[in-house]
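Residue numbers (the numbering used here): -1 to 179.
Don't be surprised by glycine CBs; every beta carbon is placed ideally from N, CA and C.
Owing to the predicted nature of the structure, the values given are computational and were not obtained by experimental measurement.
Take a look at the structure:
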């Protein structure tokens, strides 16, 4: 193979495999930025134990490649992913690529083919990411809210004695806005 064939073969690889190849060729096999962020916060005691909130914990070995910690206050162990949306994910090396594709508003089918994962996995990850964002932004609600009124016809379905004749499949009001209907 000549240089151009190798280059075109590398470009055909998914982005996560390209990153792994670069890391292997350069000898720099560090964790991706997003994944190592929480580990660095825990090592530098910037966040507390996910169970009790104490900053009195220490490194306690490794579990499936992730750093494990043990809390001195509650005597419980946890990993860097405990309490995050990443807990329980099997393909953590694809998370950065997934977030990048999700940020580009790609469909689940396109993400599925780009990362070689199941569509259900892509769907589950999307909902995990979105639910974790909801938790972060619970108190940060500001801006202008507008609401229009919507009027529904009075329904007496299920009542024993109705004050009007029953409607079949919906119906419409005799006048716009609030009325006797």
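Buried/exposed call for residue i, threshold 16 Cβ in 10 Å
{"i": "residue 36", "result": "buried"}
{"i": "residue 109", "result": "buried"}
{"i": "residue 28", "result": "Reliability of the predicted coordinates at residue 28 is poor, the pLDDT of 48 falling under 50, and no value is obtained from them."}
{"i": "residue 174", "result": "exposed"}
{"i": "residue 79", "result": "buried"}
{"i": "residue 76", "result": "buried"}
{"i": "residue 146", "result": "exposed"}
{"i": "residue 152", "result": "exposed"}
{"i": "residue 0", "result": "exposed"}
Member of the options whose CA lies at the smallest distance from the CA of residue i
{"i": "residue 162", "options": "107, 104, 178 and 174", "result": "178"}
{"i": "residue 12", "options": "98, 172, 153 and 118", "result": "98"}
{"i": "residue 164", "options": "172, 155 and 130", "result": "155"}
{"i": "residue 10", "options": "113, 52, 120 and 140", "result": "113"}
{"i": "residue 121", "options": "141, 100 and 132", "result": "100"}
{"i": "residue 18", "options": "141, 125 and 91", "result": "91"}
{"i": "residue 88", "options": "104, 62, 95 and 140", "result": "62"}
{"i": "residue 81", "options": "129, 167 and 95", "result": "129"}
{"i": "residue 38", "options": "104, 66, 52 and 166", "result": "66"}
{"i": "residue 85", "options": "103, 105, 104 and 64", "result": "64"}
Endpoints, alpha helix (DSSP H) assigned at residue i
{"i": "residue 2", "result": "1 to 9"}
Whole-angstrom C-beta distance between residue j and residue i, which should lie under 8 Å
{"i": "residue 49", "j": "residue 74", "result": "5 Å"}
{"i": "residue 126", "j": "residue 83", "result": "4 Å"}
{"i": "residue 52", "j": "residue 59", "result": "With 8 Å as the limit, residue 52 and residue 59 do not qualify as a contact, their Cβ atoms being about 19 Å apart."}
{"i": "residue 176", "j": "residue 149", "result": "7 Å"}
{"i": "residue 16", "j": "residue 8", "result": "6 Å"}
{"i": "residue 68", "j": "residue 56", "result": "6 Å"}
Cutoff 8 Å: residue i Cβ touching any chain B Cβ
{"i": "residue 9", "result": "As a matter of chain content, chain B is missing from the structure shown, which is built from one protein chain."}
* Asked: In the segment 110 to 155, which residue ranges form an unbroken alpha helix (DSSP H) of at least 4 residues, counting only runs that do not cross its ends?
  -> 117 to 134
* Can you list, in chain order, the stretches of the beta strand (DSSP E) that have 3 or more residues and sit fully within the segment 20 to 98? -> 55 to 61, 64 to 69 and 75 to 77
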